[in-house]
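Novice: The structure is given below, and queries will be raised subsequently.
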Amino acid sequence: MITIKDIAKLANVSDGTVDRVIHNRKGVSPKTAEKVKNILKENNFLLNPIASALATKKKYRIACLIPKSDKKNQFWKSPNLGILKAKKEVIRYGLQIDVAHFDQYDSKSYLKKFKILQKNKPDAFIIAPVFTNETAFIAKELENNSIEYIFINIDNKKYKNIAFIGQDSQKAGFVAGKLMSLGLPKNSKCGVVQFRQSLTDHKAISNRISGFNNYLKKHRTDIKTKLIKISLNDKKNDLTKIKSFLNSAKTISGIFVPSSRASYIASLLPEYVNKSNFSLIGYDTTEDNIFYLRNDKIQFIISQRSFNQGYEAVHIISDFLIQKKVPQKKIYSPIQIIIKENVDYDSRNKKTFINELSNQ
7 MITIKDIAKL ANVSDGTVDR VIHNRKGVSP KTAEKVKNIL KENNFLLNPI
57 ASALATKKKY RIACLIPKSD KKNQFWKSPN LGILKAKKEV IRYGLQIDVA
107 HFDQYDSKSY LKKFKILQKN KPDAFIIAPV FTNETAFIAK ELENNSIEYI
157 FINIDNKKYK NIAFIGQDSQ KAGFVAGKLM SLGLPKNSKC GVVQFRQSLT
207 DHKAISNRIS GFNNYLKKHR TDIKTKLIKI SLNDKKNDLT KIKSFLNSAK
257 TISGIFVPSS RASYIASLLP EYVNKSNFSL IGYDTTEDNI FYLRNDKIQF
307 IISQRSFNQG YEAVHIISDF LIQKKVPQKK IYSPIQIIIK ENVDYDSRNK
357 KTFINELSNQ
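Last residue of the sequence shown: number 366 in our numbering, and the count goes up by one each step with no gaps.
The structure is reproduced here in structure tokens:
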């Protein structure tokens with residue numbers, strides 16, 4: 007492996023000059039810096055992250071602003087576990103990871119947790135940009151203070167985040183549309199369940215719905231869809247709405263849930279989801295979704311390996327801070343189709359880490 011000393015010889019400069027270029031320190035002319043950078047690139051030079059962290063004597067701090075998870079909101083448990091695993095690994099590089107969990111239904115909570123994290127003067131942020139207006143404020147604050155940030159799970163093209171890590175939600179919706187069409191007879195009707203009254207702050211869900219509808223418009227114009235808005239706070243009323251839809255026509259054969267809550271629909275409709283000609287499709291391998299998948303209540307789950315999103319976000323921003331390694335602008339998660347027969351082989355990294363935690 008090529009060393010700093012080797013690079014210095016090739017560039018005809020001192021080891022110290024190469025070190026200053028690598029760590030963006032002052033004292034090197036632009037011409038010499040460009041020459042050294044080209045030689046580093048030509049030789050695929052990679053810093054030892056531990057040695058580099060020790061050399062800089064800089065203790066970096068990364069702030070993570072992520073929704074909290076609970077029994078009703080299971081999705082964010084997985085990215086949080088990924089962050090926790092990565093946190094344990096980057097400590098040796100001298101990095102401090104601060105995590106603040108906000109209520110994904112409360113924009114004030116989002117801003118409050120951001121301001122708490124700000125007090126520790128972090129060098130970079132990992133953010134799940136759930137709320138549109140508040141994210142505009144946060145992004146401006148960070149950019150004004152020259153603090154780099156990554157978006158996780160939810161993409162937004164308006165901002166100067168150095169990377170996005172998550173699913174291409176439009177394509178994920180397109181895949182769901184294809185899966186649904188494979189099992190539906192001609193002139194079928196399909197319900198699309200929305201758990202929010204407005205999707206202004208939920209671009210991933212609106213993009214999935216758009217992708218789903220786009221597939222059907224292109225390939226199955228005979229299938230008609232109907233949007234069903236569910237509250238989650240009134241199970242009896244939700245059940246009435248779903249049953250009313252299913253009883254409205256003889257040709258209803260499927261329900262599409264563009265979020266991680268397909269299990270909620272499965273729990274409402276045991277007599278419907280057992281039918282061989284009925285398809286219930288949703289997203290994310292939450293504990294409840296997997297339970298209903300194993301019991302044939304959900305037919306397909308589209309996974310995005312959300313554990314890896316949290317894990318990779320920490321490592322990518324760590325590499326950026328320590329090695330000045332600029333990430334790809336878009337780092338897309340897999341669009342993975344999970345069925346009853348392959349669910350045991352999904353998310354091996356996550357399962358291994360959970361086992362490690364339970365054995366501690």
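Beta carbons: idealized from backbone N, C-alpha and C, even for Gly.
How close, in whole Å, do the beta carbons of Asn320 and Val96 come, if the pair is a contact with beta carbons under 8 Å?
Specialist: Working through the sequence shown from its first residue, we reach residue 320 at position 314. Working through the sequence shown from its first residue, we reach residue 96 at position 90. Looking at the sequence itself, residue 320 is Val, so the reference to Asn does not match. Between Val96 and Val320 the Cβ distance is about 6 Å, and since that is below 8 Å, they are a contact.
Novice: Give me, in chain order, the residues of the same chain whose beta-carbon lies closer than 8 Å to that of Gln200; leave out the 5 immediate sequence neighbours on both sides.
Specialist: The residue labelled residue 200 in the question sits at position 194 within the sequence shown. Result list for Gln200: Ile211, Ile215, Leu233, Ile234, Lys235, Ile236, Pro264, in chain order.
Novice: Between Ile168 and Ile156, how many whole angstroms is the CB-CB distance? I'm expecting something under 8 Å.
Specialist: Looking up residue 168 in the sequence shown gives position 162. Looking up residue 156 in the sequence shown gives position 150. So it is a contact: roughly 6 Å between Cβ atoms.
Novice: With distances taken from CA atoms, which of Lys119, Arg226, Ile271, Asp112 is nearest Asn243?
Specialist: In the sequence shown, residue 243 corresponds to position 237, counting from 1. It is Ile271.
Novice: Please state whether the Cβ-Cβ distance between Lys195 and Ile258 is less than 8 Å.
Specialist: Within the sequence shown, numbered from 1, the residue matching residue 195 stands at position 189. Within the sequence shown, numbered from 1, the residue matching residue 258 stands at position 252. It is a contact, given that the beta carbons lie within the stated cut-off.
Novice: Here's the rule: buried if 16 or more other CB atoms are within 10 angstroms of the residue's CB, otherwise exposed. What is Ser285?
Specialist: In the sequence shown, counting from the first residue as 1, residue 285 sits at position 279. Classification of Ser285: buried, given that the 10 Å Cβ count is 16 or more.
Novice: Taking Asn79 as the reference, which of Arg267, Ser254, Glu318, Val42 has the closest Cα?
Specialist: As a working note, residue 79 is residue 73 in the sequence shown. That would be Arg267, whose Cα lies nearest to the Cα of Asn79.
Novice: DSSP on Gly288, reduced to helix/strand/coil?
Specialist: As a position in the sequence shown, residue 288 is number 282, starting the count at 1. Gly288 falls in the strand class under three-state DSSP.
Novice: How many angstroms separate the CA atom of Arg26 from the CA atom of Lys32?
Specialist: Working through the sequence shown from its first residue, we reach residue 26 at position 20. Working through the sequence shown from its first residue, we reach residue 32 at position 26. Whole-angstrom Cα-Cα distance: 7 Å.
Novice: Hey, out of Lys335, Asn213, Asn159, Ile248, whose CA is closest to Gly197's CA?
Specialist: Against the sequence shown, residue 197 aligns to sequence position 191. If we check each option's Cα against that of Gly197, Ile248 comes out closest.
Novice: Are Val5 and Pro73 touching if we call contact CB-CB under 8 Å?
Specialist: The shown model of the chain, from 7 to 366, leaves out residue 5, and the question about it has no answer.
Novice: Could you tell me the alpha carbon to alpha carbon distance between Gly288 and Ile308, rounded to whole angstroms?
Specialist: What you label residue 288 is simply residue 282 of the sequence shown in a count that begins at 1. What you label residue 308 is simply residue 302 of the sequence shown in a count that begins at 1. When rounded, the distance between both Cα atoms is 6 Å.
Novice: Per DSSP, what are the beta-bridge partners of Pro191 in this structure?
Specialist: By one-based count along the sequence shown, residue 191 stands at place 185. In DSSP, Pro191 forms no bridge with anything.
Novice: Cα separation between Val332 and Ile322?
Specialist: As a working mapping, residue 332 is identified with position 326 in the sequence shown. As a working mapping, residue 322 is identified with position 316 in the sequence shown. Spanning the two alpha carbons is a distance of roughly 9 Å.
Novice: On the DSSP letters alone, give me the boundaries of the beta strand (DSSP E) that Glu154 sits inside.
Specialist: By 1-based counting over the sequence shown, the position of residue 154 is 148. Unbroken beta strand (DSSP E) run through Glu154: 154-158.
Novice: As a quick exercise: from Asp129, Asp112, Pro340, pick the residue whose alpha carbon is nearest that of Thr138.
Specialist: Counting from one through the sequence shown, the residue named residue 138 turns up at place 132. If we check each option's Cα against that of Thr138, Asp112 comes out closest.
Novice: Pick helix, strand or coil for Phe143, following the three-state DSSP scheme.
Specialist: Against the sequence shown, residue 143 aligns to sequence position 137. Reduced to three states, the DSSP call for Phe143 is helix.
Novice: Report the residue from Asp325, Asn348, Ile345, Gln305 whose alpha carbon sits nearest the alpha carbon of Tyr99.
Specialist: Mapped onto the sequence shown, residue 99 falls at position 93. Cα-wise, what sits closest to Tyr99 is Asp325.
Novice: Hey, quick one: how far does the alpha helix (DSSP H) through Tyr338 stretch, first residue to last?
Specialist: As a working mapping, residue 338 is identified with position 332 in the sequence shown. Taken as a continuous stretch (DSSP letters only), Tyr338 belongs to no alpha helix (DSSP H), being part of the beta strand (DSSP E) at 336-338.
Novice: Whose C-beta lies closer than 8 Å to the C-beta of Phe180 among residues of the same chain, with five residues either side of it excluded?
Specialist: Counting from one through the sequence shown, the residue named residue 180 turns up at place 174. If we look at Phe180 and ignore the five residues flanking it on each side, its Cβ neighbours are Gly217, Phe218, Asn220, Tyr221.
Novice: Evaluate contact between the stretch 102-118 and the stretch 335-344, counting only Cβ atoms and requiring at least three cross-stretch pairs below 8 Å.
Specialist: Output reads no: the stretch 335-344 does not touch the stretch 102-118.
Novice: Determine whether the beta carbon atoms of Asp290 and Phe81 lie at a separation below 8 Å.
Specialist: Taking the first residue of the sequence shown as position 1, residue 290 is located at position 284. Taking the first residue of the sequence shown as position 1, residue 81 is located at position 75. Contact: yes.
Novice: Which of helix, strand or coil does DSSP assign to Pro73?
Specialist: Counted from its first residue, the sequence shown places residue 73 at position 67. The answer is strand: DSSP assigns Pro73 an E or B state.
Novice: Excluding the 5 residues flanking Tyr317 on each side, which residues of the same chain have their C-beta closer than 6 Å to its C-beta?
Specialist: Position 311 of the sequence shown holds residue 317. Only Gly88, Lys91, Ala92 meet the Cβ criterion.
Novice: Which first and last residues belong to the alpha helix (DSSP H) in which Ile296 is found?
Specialist: Position 290 of the sequence shown, counted from the start, is the residue given in the question as residue 296. 293-300 is the extent of the alpha helix (DSSP H) around Ile296.
Novice: Would you mind giving the Cβ-Cβ distance between Phe131 and Ile153, rounded to the nearest angstrom? I have them listed as a contact below 8 Å.
Specialist: The count along the sequence shown starts at 1 and reaches residue 131 at position 125. The count along the sequence shown starts at 1 and reaches residue 153 at position 147. Right, their Cβ atoms sit about 6 Å apart.
Novice: In the DSSP assignment, find the unbroken beta strand (DSSP E) run with Leu233 in it and report its ends.
Specialist: Position 227 of the sequence shown, counting from 1, holds the residue named residue 233. Leu233 -> beta strand (DSSP E) spans 230-235.
Novice: Mind checking whether Glu140 and Tyr116 have CB atoms under 8 Å apart?
Specialist: The residue labelled residue 140 in the question sits at position 134 within the sequence shown. The residue labelled residue 116 in the question sits at position 110 within the sequence shown. Yes. Within cutoff.
Novice: Determine which residues share a DSSP beta bridge with Ala169 and list them.
Specialist: Position 163 of the sequence shown, counted from the first residue, corresponds to residue 169. The partner list for Ala169 (beta bridge, DSSP) reads Ile156.
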